[in-house]
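Numbering (my numbering), first residue to last: 279 to 684. Where is the CB? At the ideal position from N, CA and C, for every residue including glycine. What follows is one structure encoded as structure tokens, with my remarks underneath.
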Amino acid sequence: MLTFGSSASRLGTKQAVIIALCITMASWPTAACAHVKWFQPYDLSVAPVSPLDFMANWPWLVGFALSLPALWLCIGFDVAHKGMALPTALTNEPFIVADRLIRVALGVWLSWLWLLPAPIWLTPELFAQNPSLQWLQLLLALTCLSRQTTWLAGAGLICLWTGAARQYGIYHLLDYPLFFGIAFYVIGISVDYLGIRRLNWLAKDRLGVLALFMSWTLMWAAIEKWAYASWSIPLLAKFPHLSMGMPPEVFLNFAGWVEFGAAAMLLLGGKASSRASAVVLAFIFLGAVVDFGRVDLVGHMPIIAALGITVVFGNGRIGALASLPSHSLAARALLLPLIYYVALAFFMLIYVGFWYLAYTDCIAVAASNPVESLWLALISAGLVMTMLGLFRHLRRQQVGQNRVAI
């Protein structure tokens, strides 16, 4: 049983947190996490809306303003539950349980792909042309039965992603970096079991790698809600109850912020707020199955499993480092929002920038808009330098912690 403390006040806090989460999960519509490409026509050859345009929408600005106090609340939530006793996969025994859960989920999902009437690479919109692909997916499911062979399932996932990218384009497949996270996780299971020292880092950090790629996947999906809002509007027209009485454009702005914020806290949150974010996201994804049925469950089963792992075992050593636990409360209140907003700017930039790389002649576009292109290059350079600086700061922190441990 998970214990949060024995005092009456600690119990009251636990009950309040559970009630708050239930209210949030029950009230937020499932369309926030339904993947629109599975249910509506889409055209990636049409340019996404510029960030400068959707950032001018008042609901987007409201979400931007509310995100800072929401981040501070998450930091306070972690501080208030600093002594919370929860299992982590930083020790051997919980790792074994987490490994079994991900192996079972991956094996069941791959077996389900084998049973579908038509072959798909990974998700419902990625139709494959060769029916024999399903026999490969069944074979990969069988490799999940043993820790010695799960690396084959991981390698197979990477091959499936690569095959889908060849057919649909890399930009389209940037929706699904989660599959790399799952692949590296199950490869790490075999590395740990077989004792391969050169890849020991992957074995130790497999939980954090999973959280990293899951966070990336959901933040990318949040940007899509703003950049391609026109795809989701017809879906909301079919299911008007999902927009909670709001105009679809307003709802999509807020839904994007909910998804982006929760996704970011999967990685940046401490052991309490990262789990709370995973609980909310998992409930929303499960709720989407009620409205969108088996297709949604097929597509979202891997991320639901990954979120379940995070709920129980946290976000690993990478998450523990990214949440800046050794910093003072004031430093975290300053640095975590900085990391968050840099990540927001980075994802908006690469979402649009990668589209131009994939679908246009970038040199011709830059030549026709030299001033805008120069500003974009300067902003990109600034973001890269900021991210490198933050990364170096985190590395110094990790080195310092290792020296203290020694």
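Cβ-based neighbour list, residue i, same chain, cut-off 7 Å, excluding 5 preceding and 5 following
i: Leu-400; result: Leu-438, Trp-439, Ala-442, Tyr-454 and Phe-457
i: Val-528; result: Pro-337
i: Ile-398; result: Leu-391, Leu-404, Phe-405 and Ala-406
i: Ala-550; result: Phe-355, Asp-356, His-359 and Met-362
i: Asp-470; result: Ala-481
i: Leu-545; result: Ala-489, Leu-490, Ser-493, Asn-593, Gly-597 and Ala-600
i: Phe-632; result: Tyr-449 and Leu-452
i: Ile-582; result: Ala-560, Phe-563 and Leu-564
i: Gly-486; result: Asn-593, Gly-594, Arg-595, Ile-596 and Gly-597
i: Ala-396; result: Phe-405
i: Leu-614; result: Leu-349, Ile-353, Leu-546 and Leu-602
i: Thr-421; result: Thr-427, Thr-428, Leu-430 and Ala-431
i: Leu-575; result: Val-567
Assigned secondary structure, residue i (DSSP; H/G/I helix, E/B strand, else coil)
i: Phe-517; result: coil
i: Phe-561; result: helix
i: Ile-582; result: helix
i: Phe-317; result: coil
i: Ile-474; result: coil
i: Met-303; result: Since pLDDT at Met-303 reaches only 45, below the 50 mark, its modelled position is unreliable, and the value read off the structure follows with that caveat. Correct three-state label for Met-303: helix.
i: Gln-412; result: helix
Proximity winner among the options, relative to residue i (alpha-carbon distances)
i: Gly-594; options: Ala-609, Arg-553, Val-340 and Asn-531; result: Arg-553
i: Ala-348; options: Ala-499, Leu-477 and Met-543; result: Met-543
i: His-313; options: Phe-373, Thr-495 and Gly-466; result: Thr-495
i: Asp-321; options: Tyr-618, Leu-420, Gly-466 and Gly-447; result: Gly-447
i: Leu-435; options: Gly-459, Ala-396 and Ser-424; result: Gly-459
i: Leu-423; options: Asn-408, Val-464 and Pro-409; result: Val-464
i: Tyr-618; options: Phe-317, Cys-352, Ser-508 and Val-327; result: Cys-352
i: Pro-382; options: Leu-418, Leu-635 and Leu-330; result: Going by the sequence as given, residue 382 is Val instead of Pro. Of the candidates Leu-418, Leu-635 and Leu-330, the one whose C-alpha sits nearest the C-alpha of Val-382 is Leu-418.
i: Gly-586; options: Phe-517, Leu-379, Leu-472 and Lys-516; result: Leu-379
i: Gly-466; options: Asp-639, Ser-345, Arg-484 and Met-522; result: Arg-484
i: Leu-514; options: Phe-624, Ala-566 and Leu-339; result: Ala-566
i: Ile-324; options: Phe-373, Trp-509 and Asn-478; result: Note on residue identity: the sequence assigns Val, not Ile, to residue 324. That would be Trp-509, whose Cα lies nearest to the Cα of Val-324.
i: Trp-316; options: Pro-402, Val-375 and Pro-512; result: Pro-402
Cutoff 8 Å; reference residue i; Cβ partners in own chain excluding five residues on either side
i: Asn-335; result: Glu-527 and Asn-531
i: Gly-341; result: Asn-531, Phe-532, Gly-534 and Trp-535
Whole-Å CB distance - residue i paired with residue j, under 8 Å assumed
i: Gln-426; j: Leu-388; result: The Cβ separation is near 17 Å, so there is no contact.
i: Met-579; j: Ile-501; result: The Cβ separation is near 23 Å, so there is no contact.
i: Leu-384; j: Ala-431; result: 6 Å
i: Ser-328; j: Val-590; result: Their Cβ separation, rounded to whole angstroms, is 40 Å, which puts Ser-328 and Val-590 out of contact at 8 Å.
i: Pro-326; j: Ala-505; result: 4 Å
Buried or exposed by the 16-neighbour rule on C-beta atoms within 10 Å, applied to residue i
i: Asp-377; result: buried
i: Ala-278; result: Residue 278 lies beyond the stretch modelled for the chain, which goes from 279 to 684, so this question has no answer here.
i: Leu-607; result: exposed
i: Val-568; result: exposed
i: Val-386; result: exposed
i: Arg-610; result: buried
i: Glu-410; result: The residue you asked about is not Glu; residue 410 is Ser in the sequence shown. Classification for Ser-410: exposed.
i: Pro-498; result: The question names Pro, but residue 498 in the sequence shown is Trp. Buried, by the Cβ-count rule.
i: Ala-556; result: buried
i: Gly-577; result: buried
Same chain, Cβ closer than 6 Å to residue i, five either side skipped, listed in chain order
i: Gln-412; result: Trp-392 and Pro-397
i: Phe-538; result: Met-497 and Ala-500
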